[in-house]
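Residue numbers (the UniProt record's numbering): 1 to 264.
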Amino acid sequence: MSLPLRLTDGAVAIAGRPVVRGVSLTVRPGEFVALMGANGSGKSTLVRALTGLLPLTGGSLELYGEPIASFADWRRIGFVPQRIGAASGVPASVWEVVASGRLTHRRLLRPLSRADRTAIDEALEVVGLADRARDGVSQLSGGQQQRTLIARALAGEPELFFLDEPTAGVDLPNQVALAASLGRLKARGATVVLVAHELGPLGSLVDRSVVMRDGRIAYDGSPLADHAVHSPGFGETHAHHHHPDPARRDHLPAVSSPFEERWD
Ligand SMILES: Nc1ncnc2c1ncn2[C@@H]1O[C@H](COP(=O)(O)OP(=O)(O)O)[C@@H](O)[C@H]1O
Ligand SMILES: [Mg+2]
1 MSLPLRLTDG AVAIAGRPVV RGVSLTVRPG EFVALMGANG SGKSTLVRAL
51 TGLLPLTGGS LELYGEPIAS FADWRRIGFV PQRIGAASGV PASVWEVVAS
101 GRLTHRRLLR PLSRADRTAI DEALEVVGLA DRARDGVSQL SGGQQQRTLI
151 ARALAGEPEL FFLDEPTAGV DLPNQVALAA SLGRLKARGA TVVLVAHELG
201 PLGSLVDRSV VMRDGRIAYD GSPLADHAVH SPGFGETHAH HHHPDPARRD
251 HLPAVSSPFE ERWD
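The following block contains the structure:
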């Protein structure tokens, strides 16, 4: 059985600046991996590279045993990006956004098949938004919008699912609802790479923690609690890979990129 993901010595540079360096990461089928670390440590950049949205500037990446350059089976991969832009213009309905997740399954200009409609309905059900399908996404709370994006990815029935900070700015009840959705996804056997600054209610789903610091992996092992990841001195007592720099929390402002998701 081929591994969902195998990155060897991966590097990503943005505008000539190395943002991810020397990252080797293997994800096994059915694993639920939490990718953690301070803001600016390179988590989103790594995930963009893993989903083919940013080119690697070094190292090699395989998805399901296939080098990224020749990987074509993108319907096996789902991705929920970090942020959604403010709603503007004509709002898409929840159903339309979720239906867009079936695009890779459809033949060009053909109407939705019964299988498409079933997948869309199931995805809305899993995230608890079936009763909001006809509403405009702009009418939803931030947490419900995030779950709409998750449903869109789910509708594509991916085997390997990347979520970047799905709980950022989401209130606790919606975080709990999201944890239930991801729990169902995990029970179906999906492989999940979850980027999170803090895990909160998602913590109970995690099989393995990977912590990034300054573009490198500072820890890869059994699940860590939020407070352990953010404690001063992290990486000195727990890390498998020792790093000469003292642990630090940096809070760099987020930078928008052309890949940032927008509703309009
Ligand atoms: N599009 C971009 N242009 C310039 N710098 C970027 C861009 N995206 C990310 N960076 C920089 O790369 C570093 C890592 O960012 P990012 O991957 O977003 O970290 P994280 O997701 O862990 O918060 C940061 O220093 C950030 O400012
Ligand atoms: Mg990020």
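Even glycine gets a Cβ: it sits at the ideal position worked out from N, Cα and C.
Buried or exposed: which applies to residue i, given that a residue is buried once 16 or more other Cβ atoms fall within 10 Å of its Cβ?
{"i": "Glu-66", "result": "exposed"}
{"i": "Asp-245", "result": "Note that Asp-245 scores a pLDDT of 42, beneath 50, so its modelled location is shaky; the value from the coordinates is reported in the next line. By the neighbour-count rule (16 or more Cβ atoms within 10 Å), Asp-245 is not buried but exposed."}
{"i": "Asp-131", "result": "exposed"}
{"i": "Ser-141", "result": "exposed"}
{"i": "residue 267", "result": "Coverage of the chain is limited to positions 1 through 264, which leaves residue 267 absent and any answer about it impossible."}
{"i": "Gly-169", "result": "exposed"}
{"i": "Thr-191", "result": "buried"}
{"i": "Pro-166", "result": "buried"}
{"i": "Thr-148", "result": "buried"}
{"i": "Asp-73", "result": "exposed"}
{"i": "Ala-38", "result": "buried"}
{"i": "Ser-70", "result": "exposed"}
{"i": "Pro-158", "result": "buried"}
{"i": "Pro-111", "result": "exposed"}
{"i": "Trp-95", "result": "buried"}
{"i": "Gln-139", "result": "exposed"}
{"i": "Leu-46", "result": "buried"}
{"i": "Ser-2", "result": "exposed"}
{"i": "Arg-102", "result": "buried"}
{"i": "Ser-113", "result": "exposed"}
{"i": "Gly-42", "result": "buried"}
{"i": "Gln-145", "result": "buried"}
{"i": "Ala-119", "result": "buried"}
{"i": "Gly-78", "result": "buried"}
{"i": "Gly-40", "result": "buried"}
Taking DSSP's pairing of strands, which residues face residue i in a bridge?
{"i": "Phe-79", "result": "Phe-162"}
{"i": "Ser-93", "result": "Gly-136"}
{"i": "Arg-5", "result": "The residue you asked about is not Arg; residue 5 is Leu in the sequence shown. Answer is Val-27, Leu-63, bridged to Leu-5."}
{"i": "Val-33", "result": "Val-193, Arg-208"}
{"i": "Pro-18", "result": "Ala-13"}
{"i": "Gly-58", "result": "Ala-11"}
If we call anything under 8 Å between Cβ atoms a contact, is residue i one with residue j?
{"i": "Asp-171", "j": "Gly-128", "result": "no"}
{"i": "Arg-184", "j": "Glu-31", "result": "no"}
{"i": "Leu-61", "j": "Gly-10", "result": "yes"}
{"i": "Ala-92", "j": "Val-137", "result": "yes"}
{"i": "Val-23", "j": "Thr-57", "result": "no"}
{"i": "residue 280", "j": "Leu-160", "result": "No answer is possible for residue 280: it lies beyond the span of the chain, which begins at 1 and ends at 264."}
{"i": "Val-80", "j": "Leu-163", "result": "yes"}
{"i": "Val-33", "j": "Val-210", "result": "yes"}
Does residue i get closer than 8 Å to chain C when you measure Cβ to Cβ?
{"i": "Val-12", "result": "The structure shown contains no chain C; it holds only a single protein chain."}
For a test of your reading of the model: does the CB of residue i fall under 7 Å from any non-hydrogen atom of ligand 3? Yes or no.
{"i": "Asn-39", "result": "You won't find ligand 3 in this model; what it holds is ligand 1 and ligand 2."}
### Task
Counting only runs of 4+ residues fully inside the segment 173-244, write out the alpha helix (DSSP H) ranges in chain order.
226-230
### Cβ pair count under 8 Å reaching 3, the segment 209-221 against the segment 50-67
no
### Message
With a threshold of 8 Å, are at least 3 pairs of Cβ atoms found where one atom belongs to the segment 119-128 and the other to the segment 147-155?
### Response
yes
### Query
Should the segment 13-20 be regarded as contacting the segment 178-198, the criterion being three or more beta carbon pairs within less than 8 Å?
no
#### Entry: Three or more C-beta pairs below 8 Å linking the segment 176-184 and the segment 200-213
yes
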